[in-house]
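Residue numbers (my numbering), protein chains in the order written: chain G, 1 to 455; chain Y, 456 to 910. For reference, the structure discussed in these notes is given below.
Protein chains: 2
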Amino acid sequence: MKRADNIRPLHARTEALLRRLVRRDAEAAIRKVLATTRPEDIAAAMEHLTWAEQRRLYRVIEDQGYAADVLGFLSDQSAVEVTRSMTEDQVVDLVNRMEPDDATDLVGLLPDALRDRVLEGLEGESAVHDLLRWPDDSAGGRMSPMVFRMPDTATCGQAIATLQQQHSELATSHYVYIVDHQQGLVGVTSLRSLLTSPPGTPLVRIMTREIITVAPTQDQEEVARFVARYDLLAIPVVDEARRILGVVTVDDVVDVIRSEAAEDMLLMAGVSEASDHGGILQHGWRRAGWLLATIAGGVFASEIIVSYESTLEEAAVLAGFIPVIMGIGGNVGIQSATVAVRGLTSGAIQIQGALPFVWREARIGVVLGLFFALMLGLYGYVRYTASDEAFIGPAVACSSLLAIAFASVIGSSLPIVFRRLNVDPAIATGPFVTTLVDILGIAIYFNVARWLIHS
Amino acid sequence: MKRADNIRPLHARTEALLRRLVRRDAEAAIRKVLATTRPEDIAAAMEHLTWAEQRRLYRVIEDQGYAADVLGFLSDQSAVEVTRSMTEDQVVDLVNRMEPDDATDLVGLLPDALRDRVLEGLEGESAVHDLLRWPDDSAGGRMSPMVFRMPDTATCGQAIATLQQQHSELATSHYVYIVDHQQGLVGVTSLRSLLTSPPGTPLVRIMTREIITVAPTQDQEEVARFVARYDLLAIPVVDEARRILGVVTVDDVVDVIRSEAAEDMLLMAGVSEASDHGGILQHGWRRAGWLLATIAGGVFASEIIVSYESTLEEAAVLAGFIPVIMGIGGNVGIQSATVAVRGLTSGAIQIQGALPFVWREARIGVVLGLFFALMLGLYGYVRYTASDEAFIGPAVACSSLLAIAFASVIGSSLPIVFRRLNVDPAIATGPFVTTLVDILGIAIYFNVARWLIHS
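Printed below as a string of structure tokens:
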């Protein structure tokens with residue numbers, strides 16, 4: 001995570017400059033920056049501006065091809081905000097200029113009424129109509145329909161000729177897909193093989209028949225796992241008849257991996273949506289959901305504690321160990337849950353056969369529990385020596401052992417249960433586990449303490 | 456994160472089969488599976504076996520090229536375990552067959568004595584010696600030295616001829632890098648451009664002069680961010696004289712992004728190392744570190760609470776709200792810290808100029824604080840109506856507001872402080888923030904309560 005700072009200033013400086021220019025409405029100067037900056041960088045810089053500033057900057061862009069590129073690189077939210085002030089015709093023009101997969105993402109984000117009119121306005125044979133059929137986070141939703149297909153009767157020379165003729169459409173192809181007369185995928189070869197084989201070589205002679213494909217409905221994370229495992233530049237999406245519908249390219253996979261990781265991280269912390277924009281109230285609202293669960297759990301815990309009021313009145317010191325029992329249980333639970341989520345994501349833990357994992361976590365919990373119970377018990381024993389407080393040490397030791405052991409079982413199994421219920425298991429690692437474990441820990445602690453006091 | 460299950464069984468089945476065969480020591484049957492399975496899949500399946508089983512399976516592999524491939528795909532730990540039982544000559548033979556970047560990783564992991572002897576045994580001009588100079592997680596450590604270089608006087612036809620002659624060394628090249636007579640990088644073009652240009656075209660006519668490069672010392676995460684932003688297949692690593700030392704390819708970037716995300720996730724939860732191996736005691740040990748911080752914080756909190764023993768004896772009910780004050784503060788702190796870590800990773804938050812971010816988080820904290828203070832205060836007010844308990848509602852309201860506001864400031868600023876100190880900010884989001892915020896929350900709560908009781 002450490003970073004060399006020697007190249008950052010370049011972007012940081014351009015970004016700061018752009019921000020200043022937009023705020024001063026210096027159109028001529030902005031045009032100068034635009035002329036020497038890549039659309040990727042403009043899009044990245046725009047993410048740091050307010051919506052109004054983003055719209056103002058975007059209106060300055062004159063070259064519509066460049067504008068379409070910038071739009072393709074913007075985050076979903078920014079893209080929607082930028083298009084909000086445009087006419088229908090402007091949106092249609094931009095969508096027609098965008099790569100079909102980016103265009104489909106954008107069209108999918110538009111308000112219903114505008115989307116329908118934009119779809120009508122698109123060029124007749126636009127691929128956007130087809131791509132909109134698939135969910136956003138599926139292979140179908142991520143694929144590009146631009147595929148370099150060749151019949152299984154063709155030669156390398158013919159493939160090269162096709163590439164030369166359709167240069168602009170095939171600009172992002174890394175592989176040649178070879179199809180039979182029913183358009184079924186039979187093999188694949190790389191552009192490099194075309195270069196290094198004599199032009200007369202039949203494609204079937206140099207193609208690989210073992211092709212890793214995905215179905216259009218397959219989840220984007222699964223696609224990402226294939227691309228990562230087999231070091232692919234692109235993976236073809238095929239229907240049941242093995243006809244190629246499109247390809248998911250590695251640059252989209254990189255985006256998927258990055259956004260899924262960020263999403264998981266935020267979910268783990270109980271933040272429901274990643275966005276740097278919106279007012280303070282909106283931000284608060286996005287985080288309040290899981291905090292409400294914490295509040296509900298906390299109120300529940302308070303009722304448990306208050307129900308032991310007479311025990312507490314006998315020994316107010318008991319209250320002192322509430323934080324440590326809660327803290328240690330919660331953190332052990334989060335550790336187990338995180339290891340479980342990571343295992344489910346990487347495929348190391350299968351839903352079927354997760355028992356050995358939970359059993360291992362339970363044993364780790366017992367080891368940790370024994371260790372910390374000994375530590376806390378000793379502290380309690382040495383610290384509270386008065387005869388009416390002598391129960392504190394044993395009470396803290398027993399209850400921390402139990403709380404830690406239960407926490408590791410709950411933490412390791414909840415994500416697996418969530419996955420089975422088709423809920424994102426990352427949710428389980430956040431406030432959910434801690435709240436559950438907190439309540440359990442407190443119930444254990446007071447029960448053990450009361451039992452020890454009265455015996 | 457949802458997943459279609461239709462393709463999983465294939466791998467799950469092969470993996471389960473392999474595991475059974477290894478446990479039964481069925482060599483002939485294992486060879487049959489090996490013959491029809493990709494080395495990537497064998498490596499993935501091996502990760503689920505014990506070290507002893509991994510070694511047993513690996514010894515069955517006869518084809519040394521295949522064995523080298525499997526070794527390249529294994530995790531660091533597995534690779535070390537598998538080589539542990541080999542002779543020096545066997546390791547040298549495998550290292551010589553591996554891709555230089557994978558070989559370098561492996562050599563870097565070997566015990567010192569073995570590493571020195573293996574390095575001596577390597578083929579004279581092995582690139583491993585050069586690559587070992589750079590840190591593991593830098594561009595230099597991640598690069599492959601196999602670069603397709605052409606002089607700036609060459610034509611497309613000459614480039615194609617070079618590719619045909621050096622087919623095996625250049626098997627992973629996606630671009631042609633054009634260098635001047637001093638070996639300085641002047642331009643780049645794609646294999647696709649070679650295919651679609653007449654053979655006589657000079658390379659300088661079709662090359663792009665704007666090249667995104669990295670220095671060998673640059674952090675791998677920065678490299679990943681470039682590759683992701685500009686949709687590159689490879690990024691050249693150049694020295695100060697712009698001579699190409701190697702290229703980092705997109706498949707390695709995918710691995711970097713995945714492993715950094717997993718590492719961050721585990722760090723956030725206070726698990727110091729990702730591994731599915733080792734005994735229960737080792738696992739416990741890896742997690743105990745941060746838990747010790749929790750224990751220390753908890754004991755500190757208990758001392759604070761006990762110092763208010765007389766207040767508690769006046770109103771034992773006070774203890775009931777310890778969990779909710781701690782829970783809400785801790786969770787708000789983690790939310791702010793996670794948003795900060797994510798922003799630092801994506802580059803959205805710069806260390807210079809982080810103040811607006813902390814200020815925004817502080818305001819979000821106040822909004823959340825007001826909301827939950829009202830809620831908890833109302834609950835306390837309605838639930839505890841006896842005259843000697845009437846202070847509960849206001850005490851809970853005031854202290855939860857303060858605890859939440861402080862939590863968001865601490866949570867948002869700690870990761871930035873950590874980054875500045877060159878410590879991984881993800882550490883700040885785990886037990887560290889919660890422990891700090893817990894102690895603060897409790898101190899606030901009891902102070903407010905005592906003050907309200909006595910006034």
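C-beta atoms are modelled at their ideal positions from N, C-alpha and C, and glycine is treated no differently. Note that this is a predicted model, so its numbers are computed, not measured.
In this structure, the beta-carbon distance from residue 247 of chain G to residue 143 of chain G falls below 8 Å.
Here DSSP, grouped into helix, strand and coil, assigns residue 541 of chain Y to coil. When the five nearest sequence neighbours on each side are left out, the beta carbons in the same chain lying within less than 6 Å of the beta carbon of residue 148 of chain G are those of 170, 173, 176, in order along the chain. Non-local C-beta neighbours of residue 672 of chain Y in its own chain, meaning closer than 6 Å and more than five positions away in sequence, comprise 593, ordered along the chain. In the structure shown, residue 599 of chain Y adopts extended strand secondary structure according to DSSP, grouped into three states.
If you check the CB distance, residue 329 of chain G and residue 404 of chain G come in under 8 Å. Taken in chain order, the complete alpha helix (DSSP H) segments of 4 or more residues contained in the segment 770-819 of chain Y are 777-801. Per DSSP, reduced to three states, the secondary structure at residue 65 of chain G is helical. DSSP places residue 885 of chain Y outside both helix and strand once states are collapsed to three, so it counts as coil. Closest by C-alpha distance to residue 696 of chain Y, out of Y:688, Y:638, Y:713, is Y:638. Residue 803 of chain Y belongs to the set of residues whose beta carbon lies under 8 Å from a beta carbon in chain G. Within the same chain, and ignoring the five residues on either side of residue 809 of chain Y in sequence, the residues whose Cβ sits closer than 6 Å to its Cβ are 871. Check the Cα spacing between residue 185 of chain G and each of G:166, G:211, G:167: the tightest is with G:211.
Taking 8 Å as the CB threshold, residue 889 of chain Y lines the interface with chain G. A Cβ-Cβ distance of about 6 Å is found for the pair residue 22 of chain G and residue 56 of chain G, placing them in contact under the 8 Å criterion. Rounded to whole angstroms, residue 438 of chain G and residue 778 of chain Y show a C-alpha spacing of 8 Å.
Within chain Y, the residues 750 have their CB atoms less than 8 Å from the CB of residue 375 of chain G, given in chain order. For residue 236 of chain G, the three-state secondary structure derived from DSSP is strand.
Looking only at Y:649, Y:615, Y:595, the smallest Cα-Cα distance to residue 676 of chain Y is reached by Y:595. Taking C-beta atoms as the reference points, residue 338 of chain G and residue 891 of chain Y fail to come closer than 8 Å. A distance below 8 Å separates the beta carbons of residue 287 of chain G and residue 271 of chain G. For residue 797 of chain Y, the chain G residues whose Cβ falls inside 8 Å of its Cβ are 262, 265, 266, 274, in order along the chain. Scanning G:364, G:383, G:83 for the CA closest to the CA of residue 407 of chain G turns up G:364. In the DSSP secondary-structure assignment, residue 479 of chain Y is not bridged to any residue.
By the Cβ criterion, the segment 794-804 of chain Y is not in contact with the segment 843-857 of chain Y, since fewer than three pairs of Cβ atoms, one from each stretch, lie closer than 8 Å. If only uninterrupted beta strand (DSSP E) runs of at least 3 residues are considered, those enclosed by the segment 199-268 of chain G are 234-238, 244-249. Here DSSP, grouped into helix, strand and coil, assigns residue 530 of chain Y to coil. The C-beta distance from residue 367 of chain G to residue 739 of chain Y rounds to 4 Å, short enough to meet the 8 Å contact threshold.
One thing to note: residue 157 of chain G has its Cβ within 8 Å of the Cβ of residue 199 of chain G. In the three-state reduction of the DSSP assignment, residue 149 of chain G falls in the strand class. DSSP, reduced to helix, strand and coil, places residue 725 of chain Y outside both helices and strands of the structure shown, so it counts as coil.
It is roughly 23 Å from the alpha-carbon of residue 765 of chain Y to the alpha-carbon of residue 452 of chain G.
Under a 10 Å Cβ-count criterion, residue 382 of chain G is classified as exposed, with fewer than 16 other Cβ atoms of the shown protein chains found around its own Cβ. Contact annotation for residue 823 of chain Y against chain G: 284, 287, 288, 291 [CB-CB distance below 8 Å, chain order]. Between residue 80 of chain G and residue 109 of chain G, the C-beta gap is smaller than 8 Å, which places the two residues in contact. Under the three-state reduction of DSSP output, residue 834 of chain Y falls in the helix class.
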